[in-house]
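**Student:** Before anything else, here's the structure in question.
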Amino acid sequence: MLGDLLTAAGLQTGQVVAAMLPNDAITVAALFGTWLAGGVYTPLNPRAADAELAEQLATLRPVAVVTTGRSAHRFAACGLPVITDNGRPGAVCRRRRPNDPNTTPTSHCCSSPRAPPGSRSRCRGTPRCSISSTAC
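Letter by letter, the sequence shown follows residues 1 to 136 in the UniProt record's numbering.
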């Protein structure tokens with residue numbers, strides 16, 4: 001279930017889950033999965049430029065991103081667990097620890113080529129979690 005994956009990713013009540021999903025049943029399932037886990041569902045526009053997405057993620061500071069397998073590459077380097085609908089079994093979410101100095105949020109997402117001087121980048125390979133569209 002999506003709620004279990006979000007909890008494994010470190011979601012606590014009231015925290016943001018960003019989602020870039022199509023207008024279909026998977027979106028409704030993701031809404032309920034996020035709500036049942038206590039999260040705040042925040043949609044991202046798939047038409048937004050990568051720089052705009054980076055800005056939104058830096059502002060929202062989500063615990064995880066829920067998206068399709070086709071859009072997952074847009075979040076691959078952002079230091080967040082990415083939960084997709086591609087059904088790949090056995091993936092495990094990495095817990096993001098906001099107070100850990102190794103995961104200190106910066107003012108950019110990792111779509112920018114380099115972190116600003118003096119900042120710690122969250123840009124490390126992050127395992128992706130997967131759910132099937134029926135598992136939400």
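For each residue, glycine too, the CB sits at the ideal point set by N, CA and C.
What are the residues that DSSP puts in a beta bridge with T67?
**Tutor:** Here residue 67 is taken as the residue at index 67 of the sequence shown, counted from 1. According to DSSP, T67 bridges with M20 and T84.
**Student:** Please say whether L11 and V63 have beta carbons closer to each other than 8 Å?
**Tutor:** Taking the sequence shown and counting its residues from 1, one reaches residue 63 at position 63. Taking the sequence shown and counting its residues from 1, one reaches residue 11 at position 11. Yes. Within cutoff.
**Student:** Considering only residues of the same chain and omitting the five flanking positions on each side of A76, which have a CB-CB separation below 6 Å?
**Tutor:** Sequence index remark: in the sequence shown, residue 76 carries index 76 (1-based). If we look at A76 and ignore the five residues flanking it on each side, it has no Cβ neighbours.
**Student:** Could you pull the start and end residues of the beta strand (DSSP E) that T42 belongs to?
**Tutor:** Indexing the sequence shown from 1 puts residue 42 at position 42. It spans V40 to P43 - the beta strand (DSSP E) in which T42 sits, taken as one unbroken run.
**Student:** Quick one: give me the first and last residue of the alpha helix (DSSP H) that T13 is part of.
**Tutor:** Stepping through the sequence shown from its first residue, residue 13 is reached at position 13. Element bounds for T13: n/a, residue is neither H nor E.
**Student:** Taking all protein chains shown into account, decide if Q15 is buried (16 or more other Cβ within 10 angstroms of its Cβ) or exposed.
**Tutor:** Taking the first residue of the sequence shown as 1, we reach residue 15 at position 15. Label assigned to Q15: buried.
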